[in-house]
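Read in order, the letters of the sequence shown correspond to residues 25 to 420 in this note's numbering.
All residues carry an ideal CB built from backbone N, CA and C; glycine is no exception.
Written below as C-alpha cells is the structure these notes are about.
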Amino acid sequence: MTVDSSAASKPRRSAAGKAGTTGTKRTTRTAAKKSTDPELVQLLTPEGKRVKNAEYDAYVAGITPDELRGLYRDMVLTRRFDAEATSLQRQGELGLWASLLGQEAAQIGSGRATREDDYVFPTYREHGVAWCRGVDPTNLLGMFRGVNNGGWDPNSNNFHLYTIVIGSQALHATGYAMGITKDGADSAVIAYFGDGASSQGDVSEAFNFSAVYNAPVVFFCQNNQWAISEPTEKQTRVPLYQRAQGFGFPGVRVDGNDVLACLAVTKWALERARAGEGPTLIEAYTYRMGAHTTSDDPTRYRHDDERAAWEAKDPILRLRRFLESANHADEGFFAELEAESEALGKRVREVVRAMPDPDDFAIFENAYADGHALVDEERAQFAAYQASFADAEGGK
Ligand SMILES: Cc1ncc(C[n+]2csc(CCOP(=O)(O)OP(=O)(O)O)c2C)c(N)n1
Ligand SMILES: [Mg+2]
25 MTVDSSAASK
35 PRRSAAGKAG
45 TTGTKRTTRT
55 AAKKSTDPEL
65 VQLLTPEGKR
75 VKNAEYDAYV
85 AGITPDELRG
95 LYRDMVLTRR
105 FDAEATSLQR
115 QGELGLWASL
125 LGQEAAQIGS
135 GRATREDDYV
145 FPTYREHGVA
155 WCRGVDPTNL
165 LGMFRGVNNG
175 GWDPNSNNFH
185 LYTIVIGSQA
195 LHATGYAMGI
205 TKDGADSAVI
215 AYFGDGASSQ
225 GDVSEAFNFS
235 AVYNAPVVFF
245 CQNNQWAISE
255 PTEKQTRVPL
265 YQRAQGFGFP
275 GVRVDGNDVL
285 ACLAVTKWAL
295 ERARAGEGPT
305 LIEAYTYRMG
315 AHTTSDDPTR
325 YRHDDERAAW
335 EAKDPILRLR
345 RFLESANHAD
355 EGFFAELEAE
365 SEALGKRVRE
375 VVRAMPDPDD
385 FAIFENAYAD
395 GHALVDEERA
405 QFAAYQASFA
415 DAEGGK
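In C-alpha cells, the structure reads:
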C-alpha cells in the first residue's frame, strides 16, 4: 500500500449509508487501490510540523506543553522498556518477546485518550497501552518469562490480560461493552487488534454485534503492515477502516506514527461511545519496525528499504522536532529523560532476573475449580516424569 503519511490531513470517514467502493466491479488490485487511496488524519507531519485539522483539532486544543512532554516521555520510556525486553529474551531470560518498536505513537496516543473507568482489551503487543494504564512493565515480563498465569489483575487497571488467540478479544470487548450499557455505566471499551486479525471471523462478528446493539466500543486496529510474514495486501482488498461502513458505523484512518492525531481521534471515538453513538473503527496506519516476535526473522520476507522509508516517519523523532521547534522542551528535559530511561532499564533487568520460578505443579491448579480426573492423571504422569530425573541423578 502506498499512502504518503505526509499527505493532507483532511479526514475521510466511511459513514454508514455513504456510497462506498466495496460494491463496485473493480477486480484488479491496481484499480481497487487507485480508487481507495485514503487520506490520513494527521496533526503532526514527520518533520514535526503541526498541521491544522478542522475536525480533530478540538480534541487536543487544550493540551499543555507539560502534557506534550508527557506523551514524549511515555513513548521514550516504552521504547526503552521494549528494547530491554528484546535483549532479555536474547539473554535467555524471557521465553519470547513481541516488540512494539515503531508503534509507540499509536499506543500512547490511544492509551492516553482512555479514561480511568474505560476498559481495555489488548493483544500481546500493547506494552505502550499497558504503560498508560499503569500496569508495571515488569508484570508484562513475568508472563513472557512464563512465571505467572497472565501477569496482572485485569480489574486493577481495567486492562485485560494479553490475548494471543488472534481477534478473540474483539468479541470479549463487545460483550463487555454490551454489559456495561446494561449496568448504566457511561464508560467505554477499547479493543486492540492487528491488520491480520481483521481477517478473523471473530472480528467481523464483533463489528456486527457492536453495531446492532450500539455497544460503546472502539475498535483500534494497528495496521503495522504485516501479520508475521503476510503483508496487509493479503488481508484486504479495501483500506481496513472502510470495513466499518458495511457494518453501519464510522471508520477512520489515522497516521499511527502521529501521537497527537492518535490521541485526538481516539478521544473522539471514545466520546461517541460514551454518548451512546455506538462503535467506531480506527485504523492506525503504522509499521512494525522489528520482527514479529523474537522467534521471527523478517529478513526472510521483506526488504530493508521498506523499513528505511518508515524510519523517516519515526513517531518519537517527529514529536521531538515539534517540541524543540515550539520551545516546549530544552536540553535539560531530554537529559533527564535519558537518565530516567537508564534507570528503568536497570530496574527491569534486576526485577526480571530475580523472579522466582513457579511451582512445577502450579500448571495443574487453575483449569478447574473442583479438579478433574484427566488433570489428576496428567499431574501424576508429570510427577513420574519429574521423578525419573531424580532416579537418573541418583544413579550417577
Ligand atoms: C486464532 C489464531 N490464529 C493464528 C495465530 C498465530 N498468530 C500469532 S500472531 C499472528 C499474526 C497476527 O498479525 P496481526 O493481527 O497483524 O498483529 P501483529 O502481530 O502484526 O501485531 C498469527 C497468525 C494465533 N495466535 N491465533
Ligand atoms: Mg500486523
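CA-to-CA distance, residue j to residue i, given in whole angstroms
i      : j      : result
LYS337 : TRP292 : 24 Å
ASN179 : ILE214 : 15 Å
ILE306 : ASN390 : 36 Å
THR69  : LEU164 : 32 Å
SER192 : THR310 : 22 Å
GLY135 : ASP383 : 35 Å
ARG312 : LYS206 : 38 Å
THR187 : MET167 : 12 Å
ASP19  : VAL276 : Residue 19 lies beyond the stretch modelled for the chain, which goes from 25 to 420, so this question has no answer here.
ALA407 : VAL399 : 12 Å
PHE243 : THR304 : 6 Å
GLU150 : ALA107 : 14 Å
HIS184 : ALA212 : 14 Å
SER412 : GLU401 : 17 Å
VAL171 : CYS156 : 24 Å
TYR83  : ALA333 : 29 Å
ASN182 : GLY356 : 35 Å
LYS49  : VAL153 : Bear in mind that the predicted position of LYS49 carries a pLDDT of just 33, short of 50, making it unreliable; the figure below should be weighed with that in mind. Taking the straight line joining both Cα atoms gives about 40 Å.
PHE358 : HIS352 : 11 Å
LYS76  : ALA85  : 11 Å
ASN360 : TRP250 : It should be noted that the sequence gives Glu, not Asn, for residue 360. The alpha-carbon atoms of GLU360 and TRP250 are separated by roughly 35 Å.
VAL289 : TYR80  : 7 Å
ASN248 : GLN410 : 43 Å
THR110 : THR162 : 13 Å
GLU434 : ASP90  : Missing from the structure shown is residue 434; the chain here goes from 25 to 420 and no further.
HIS396 : ARG324 : 44 Å
THR54  : VAL278 : With a pLDDT of 38 at THR54, under the threshold of 50, the predicted position of this residue should be treated as unreliable, and no value is reported.
ARG373 : GLU362 : 17 Å
THR88  : TYR392 : 50 Å
GLU364 : GLU330 : 32 Å
7 Å Cβ shell around residue i - same chain, five flanking residues per side excluded
i      : result
ARG169 : GLU117, LEU118, GLY119, VAL376, MET379
ALA129 : MET99, GLY280, ASN281, ASP282, VAL283, CYS286, PRO339
ARG403 : PHE385, PHE388
SER319 : LEU120
THR51  : Unreliable placement is indicated for THR51, whose pLDDT of 32 sits below 50; no coordinate value is reported for it.
VAL227 : GLY191, ALA194, PHE217, ALA221
PRO349 : In the sequence on display, residue 349 carries Ser and not Pro. The residues are GLY72.
PHE271 : PHE231, ASN232, ALA235
LEU92  : LEU347, HIS352
ASP177 : none
VAL159 : TRP176, ASN181, PHE183
GLN405 : none
N-terminal and C-terminal residue of the alpha helix (DSSP H) that residue i is part of
i      : result
THR310 : Per DSSP, THR310 belongs to no alpha helix (DSSP H) and is neither H nor E.
GLN113 : 89-114
ASN172 : Here ASN172 belongs to no alpha helix (DSSP H), and DSSP marks it neither H nor E.
GLN259 : It is not in any alpha helix (DSSP H) - GLN259 carries neither H nor E in the DSSP assignment.
VAL159 : Counting along the chain, VAL159 falls outside any alpha helix (DSSP H), and DSSP gives it neither H nor E.
ILE340 : 339-349
ALA332 : 328-335
ASP226 : 225-236
TRP292 : 283-298
VAL375 : 355-377
SER319 : Run containing SER319: none; DSSP gives neither H nor E here.
SER123 : Where SER123 is concerned, there is no enclosing alpha helix (DSSP H), given that its DSSP letter is neither H nor E.
ALA78  : No alpha helix (DSSP H) contains ALA78, which DSSP labels as neither H nor E.
Cβ neighbours of residue i in the same chain (closer than 6 Å, five flanking residues each side left out)
i      : result
PHE233 : THR198
ASN238 : GLY302
HIS316 : ILE252
ASP141 : SER211
ALA122 : TYR148, ARG149, THR317
Run of the beta strand (DSSP E) containing residue i, from where it starts to where it stops
i      : result
PHE145 : 143-145
ARG7   : Residue numbering for the chain in the displayed model covers 25 to 420; residue 7 lies beyond these limits and cannot be assessed.
PHE243 : 241-247
Cβ separation of residue i and residue j, assumed to be a contact under 8 Å, to the nearest whole Å
i      : j      : result
THR147 : TYR200 : Not confirmed; about 16 Å, so no contact.
TYR96  : ARG344 : 7 Å
GLN131 : LEU124 : 6 Å
LEU101 : LEU368 : 6 Å
ARG74  : LEU64  : At roughly 15 Å, the Cβ-Cβ gap does not stay under 8 Å, so ARG74 and LEU64 are not in contact.
VAL255 : ARG298 : The sequence given here has Pro at residue 255, not Val. Incorrect: roughly 36 Å between the Cβ atoms, too far for contact.
GLN246 : GLN127 : 6 Å
HIS196 : PHE273 : Wrong, their Cβ atoms sit about 19 Å apart, outside the cutoff.
GLN269 : SER223 : With a Cβ gap of about 17 Å, GLN269 and SER223 do not count as contacting.
LEU264 : ASP219 : 6 Å
Same chain only: Cβ atoms within 8 Å of residue i, ignoring 5 sequence neighbours per side
i      : result
GLY47  : Here GLY47 scores only 31 on pLDDT, less than 50, and its place in the model should not be relied on; the value that follows carries that caveat. Cβ within range, chain order: n/a, list empty.
GLU335 : MET313
### Query
What are the uninterrupted segments assigned as alpha helix (DSSP H) that are 4 or more residues long and contained completely in the stretch 186-221, given in chain order?
192-207
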